[in-house]
C-alpha cells in the first residue's frame, strides 16, 4: 500500500484543492459514454413499442391476469384458454395485457421483457417472437398476493401446422365423463366455473385440453419421471390440485370442493385424458 | 424527554434496525432452498413489506437523523438547531409512527402489499384486514417527523452558521445534509398526499384508486415514486457526506475538488426529482416517457462519477490510516460503484424490461442502500462515536464488524444479480426446484447470516465501550479538520462556550496549520441562553398515536380525542412563552472553556 | 440581541426579525410553505387526473358549480388577504389596537368564506355529489376540503394570536407569530386562486 501511514509518521501530505484538467476529463468522458449508450437505448425503446395489434399477420393474444392464473384469448380465432399459451414459431405475437383484479406483470424471461397488466382501463401492448419451437416458462413479476411466487405459466412454441391443428382441436366439442355419477359431479361442481369445449362457465380457467398441458395450476409439472416435489403424472397432479387447491396455491379463488373419493378419482382421470391432438 | 434528545435516544432507532434485519434473515431462511415451508406465504409477504418499510423509514432515515442532529450544529459552530422543540417533536412522532406500524404484528397481521403498497392490492378489496391501515397511518405519523426534521436542518444551516462560515466553507457533510433536507421538504408532502388518498380510500370509501368508480391505479404509482425516488437520494446523500469527512480525516488531506463535490451534490438532488418514472418502465407509459426518463436517469451517473473520482484523488498522495471508520469508507467506494453501474444498466428502459422486478433490482438497490448508506452510517458511527459519547469504540471489534459485514454483504447480494438474470422475480415466497436457483440462494442466505454476525459484533462493541471510562480526547483521531473536533468529547450541551470565528474551509485544520491551539472565539464569554425541556412533543405524538388507532378502527370519538390532545398541546405551546434558562460564565469555567 | 432591553421601550421597525428566534421562525415558515406547495401541487395533480371520472348518472362539475357563490367566497378570501396586509402594516407602525382590529376583520372574512364553503358542500351532497360518489367527487372534496381545513386552522390560529396580543401586547415574541400567520394566510389565499381557476372555472368550461 503506497499511501499507508506508518506509525509515528507526522508528515503532512500536500493539500490539493483539485485539478481542473482532471475534473473536466472525468466529467466529459462519462458524458460521451452515456451518449454512446443513450442512442441505442432510445432506438430500441421505440423499436420495442411498435404496435402489431392491427397487423393481420401477427397472432393477437389478449392476456388477462387473475389471482393467480393467466387467461389467453385469441380474438382472431375466437378461442380462449388458460395457463398455457400456444404460439406459432413463424409469426409476431402481439400481446395485449389487462387484469381481472390486481396488478400483475407478464414475463417470459427467455423470450421477452415484461409488461404490466394494470387494473382498470390502462391496457398495455407488447410483441415478441419465438423463432425456435419449445416450451418456455412464464412468470408473474409484480407482487399480487400470497401466491405471487406460484403464478407461473407455460408458453409452447410450435410450427405453423401444429398451431393450426391446435386451434381446430380447441374448437371441437368435448365429451363429458362417461360414468353418470362422475358426470353429475363434474357438471354441477366443476362446470359452474370452468369450461370444457362449449360447455360450462368462462370466469375461471378453461379446462379444454388440460390433459395435454405441461402443468397443472401452472406449477405442478406433468411428467412420468418425477424428480422434484412439484412433479408428477398429469393424473397425480390433477388429483393433488383438486383435493386441496389452497395447499398448492395459498389464497387462490377455487377453494376446496366437496367431492367423494370416487368422484375425485373419476374427475382427475377424466381431465387427465382430455388431450388435444396437435 | 428533553429538548436535546440527540445523545440519549440512539437506542430505539437501532432497535428498528435490528427488527428490520431480523425480518431480512427470516426472508433469507425461507429462501435458502426451493419449496421451503419455513414461513407461510402470507407471513412472507408481511415480512418483505415490513422489512422494506422498517429499513427505509424507521432505521436508515432515523439513524441518519441521529448523526445529523449530533454533528450538524457542531460542524457549523452553532449552539443548537434552529427549532429544538420541532426537533423533539420530530423524534417522538417518528417513534410513535414506527411503534404504530409494528403494533400490527400483534393485531392480526402486518401490512403485506410491499413497501410500495401498489393498489389495488393495497386496497380494501384485496387487503381486507387492517394491515395496510397500519402502513398508511404509521407512515403518515412518522413522515411528519421527517418533514419537520428537514425544515429544521435547512433553517439551522441557513441561519445559525458561526461568523466566517460561508456556504462555500461548510464541511461536505453539512452540505449533503442541507441538500437532503431540501429533498425531504419537497418530496415528503407528495407521500403525505398519497397516504392520505389511500387512507381515504381504505377508511372512508373514497375512489382515488378504485377503477370500478373511475379511480386510477397508476396515479398511486406516480405519487409514490415522485416521493420514492428523491427518498433514495435523501438516504444516500448524507452517506456521501460522511464518506467525504472520513476519507479526508484519515488521509490527512483536504477534500479533492470541494466545489465540484458541492455542485455534484446539488445536481444529484435536482435530477432526483426528474427520474421517478424509471420505476415504472413496464407500467406502459409509452416510448416517449420511457426514453426521456432513461436519459435523465443515466445523467445521474455523471455527478456520481465526479464524487467517486474526487474521493479516490483525496486518498491519492495522502497518508492513510486504516481505522474501522476509514475501512468502511474505503469499502464503500467500490461497492457503491457496482451499485451505480447496475443503476445505469437499469436506466436503459429496454434492458429494464428484463431486469425490472427481478432479483437483479433487489441486488442493485441493496448495493446502493446497504453498500452505500449502511456502510456510510457504520463509518460515521465509528468516526463520531467519541464525539457523541466521549468513548472510543474498540478498534479490534470494529475491524471484525467490518470484515464480517463486508464479506457477508457481497455474498448476499452479488449472487442476486445472477438470480435476476436467470429469471427469478423479486418478492417471491418460494421457487420451484430445477430452475438453477438453488445454489445461489443458499450462498445468499449464508451471506445474510454473516451480515447479522457483523451487526451483533457492532452491538457487542457498543456494550463493551459503554462500560469504559469516558476519556476520549477532543480530537481523538488527531487529524480532525472540522469544528466538531475543536470542543470536548462528548460535546457539552451548549456546544461552544464561545462561538468560534471561522477563517477558512476546514476551519480547525486551518488553525492547526497556522500553529494555533484552537479556534479563535468570535464573541466574549457570556451567559448562554438555553431552551427549557418540554414534555409537549411527547404528548402530541401520543395524541396522534391515539387518533391513528381511533380512525383505523372507525371509533371516531377516540380519533377526535387524539386530535384534540394534539391541538391542545399546540395551543399550550403557543400561549406559554418559553423563557428558557441561562448558563452563566462561571458555570462554564469548570468545564474547560474552549471556543 | 434581545429587544426587551430597548431603552426607549419601543420595538425595532421589523419586530418579527429582531431576534434570532424570530428570524428562524420566519425562515422556517417559508420553508414549510415550500413543502405545502408540493402538498397542494400533488392534490391538484390528483384532481386533474381524475376530474373527468364522474361516472354514469352523477352530476358533473358543469352542472354542480354555481359561479356567483364561489365568486363571493373568492371575494371574501381575497379581501381577508388584504386586511391581513393592513394588519402587518399596523404591526410595523406598532399600533397594536389597529393590528388587532385588522386581524379580527381577517378572521371574520375567513369565517364568512368557510360558511359559504360548508353551505356549498351541503348543497352538493344533496345534489348526489357525495365523497364516495366517484373518483371526481373524492378528489374534489379532498382538494377543496384540504384547503378548507387550512382556512379553519388559520382562523383558530389567528384568533389565538389575537388573544395573546390583547394579553401580552406586541413584543418580539408575539410579532414573529403574527407575521408568519399572515404569511400562512396569504398562502392559502394563493392556493384558493388556483382552486378557483382549476376546479371551478375549468370545471365550468368542461
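Residue numbers (this note's numbering), protein chains in the order written: chain Z, 868 to 1145; chain W, 207 to 801; chain C, 294 to 499.
Here a beta-carbon is modelled for each residue, glycine too, at the ideal position from N, C-alpha and C.
Starting from residue 1152(Z), trace the beta strand (DSSP E) both ways and give me its first and last residue. The structure shown does not extend to residue 1152(Z), since chain Z is modelled only from 868 through 1145, so no value can be given for it.
List in chain order: all unbroken alpha helix (DSSP H) runs of 4+ residues lying wholly within the stretch 622-675 of chain W. 644-672
Spatial neighbours of residue 1099(Z) in its chain, beta-carbon cut-off 6 angstroms, leaving aside the 5 residues before and after: 1093
With a threshold of 16 other CB atoms inside 10 Å of the CB of residue 798(W), please say whether the residue is buried or exposed. Low confidence applies to residue 798(W): its pLDDT is 42, below 50, so where it sits in the model is not reliable, and the reading given next is rough at best. Residue 798(W) is exposed by the Cβ-count criterion.
Sort 991(Z), 937(Z), 1053(Z), 932(Z) by Cα distance to residue 1082(Z) and report the nearest one. Checking every option, the nearest Cα to that of residue 1082(Z) belongs to 937(Z).
Can you tell me whether residue 940(Z) is helix, strand or coil according to DSSP? Residue 940(Z): strand per DSSP, three-state reduction.
Residue nearest to residue 443(C) in terms of C-alpha spacing, selected from 379(C), 388(C), 400(C), 313(C): 400(C)
Could you check how far apart the C-beta atoms of residue 526(W) and residue 462(W) are, in whole angstroms? I think they sit under 8 angstroms. That pair is no contact at about 14 angstroms.
Boundaries (first-last residue) of the beta strand (DSSP E) holding residue 971(Z): 971-974
Is it the case that the Cβ atoms of residue 948(Z) and residue 1073(Z) are separated by a distance below 8 angstroms? yes
If we ignore side chains and look at the alpha-carbon of each, how far apart do residue 992(Z) and residue 327(W) end up? 22 angstroms
What in chain Z is Cβ-close to residue 472(W), meaning under 7 angstroms? Per Cβ cutoff of 7 angstroms: no residues; residue 472(W) is ~14 angstroms from chain Z at best.
Can you give me the C-alpha to C-alpha distance between residue 886(Z) and residue 464(W), rounded to a whole angstrom? 11 angstroms
What are the residues in the stretch 408-435 of chain C lying within 9 angstroms of chain W by C-beta distance? Of all residues in the stretch 408-435 of chain C, 424, 425, 426, 427, 428, 429, 430, 431, 432, 434, 435 have a Cβ within less than 9 angstroms of some Cβ in chain W.
Proximity winner among 377(W), 723(W), 543(W), relative to residue 169(W) (alpha-carbon distances): A question about residue 169(W) goes unanswered here, because the residues of chain W that appear run from 207 up to 801.
Buried versus exposed, by CB contacts within 10 Å (16 or more), residue 1059(Z): exposed
What does DSSP give as the partner residue(s) for residue 871(Z) in the beta ladder? In the DSSP output, where bridge partners are listed per residue, residue 871(Z) has 526(W).
Helix, strand or coil at residue 736(W) according to DSSP, with G and I counted as helix: Here residue 736(W) sits in strand by DSSP.
Give a yes or no on whether 8 angstroms exceeds the smallest Cβ distance from residue 486(C) to chain W. no
Interface residues of chain W around residue 316(C) at Cβ under 7 angstroms? 365
Would you decide whether residue 419(W) is buried or exposed? Buried here means 16 or more other CB atoms lie within 10 Å of its CB. buried
In angstroms with no decimal places, state the Cα-to-Cα distance between residue 441(W) and residue 604(W). 23 angstroms
Taking CB distances under 8 angstroms as the criterion, tell me whether residue 783(W) reaches chain C. yes
In whole angstroms, what separates the C-alpha of residue 878(Z) from that of residue 533(W)? Taking the straight line joining both Cα atoms gives about 21 angstroms.
State the Cα-Cα distance for the pair residue 969(Z) and residue 986(Z), rounded to the nearest angstrom. The alpha-carbon atoms of residue 969(Z) and residue 986(Z) are separated by roughly 6 angstroms.
Chain-order list of residues whose beta-carbon lies under 6 angstroms from that of residue 486(W) (same chain, five-residue window excluded): Same-chain partners within the cutoff: 427.
So, are the CB atoms of residue 332(C) and residue 422(W) less than 8 angstroms apart? no
Residue nearest to residue 336(W) in terms of C-alpha spacing, selected from 635(W), 684(W), 318(W), 355(W): 318(W)
By Cβ distance below 6 angstroms, which residues in the same chain neighbour residue 967(Z) in space, the five residues on each side in sequence not counted? 931, 933
Please state the DSSP three-state secondary structure of residue 927(Z). strand
Looking at chain C, is there any beta carbon in it that lies within less than 8 angstroms of the beta carbon of residue 360(W)? At least one chain C Cβ lies under 8 angstroms of residue 360(W).
Beta carbon of residue 955(Z) nearer than 8 angstroms to that of residue 1025(Z): yes
Where residue 382(C) sits in the DSSP three-state scheme: Residue 382(C) falls in the helix class under three-state DSSP.
Could you check whether residue 479(C) and residue 377(C) sit closer than 8 angstroms to each other, using their CB atoms as the reference points? yes
Going by other Cβ atoms of all chains shown within 10 Å of its Cβ, with 16 needed for buried, is residue 210(W) buried or exposed? Because the pLDDT at residue 210(W) is just 46, under 50, the model does not fix this residue reliably, and the point stays unresolved.
Nearest neighbour of residue 1145(Z), chosen from 1040(Z), 1076(Z), 1114(Z), 905(Z) [CA to CA]: 1076(Z)
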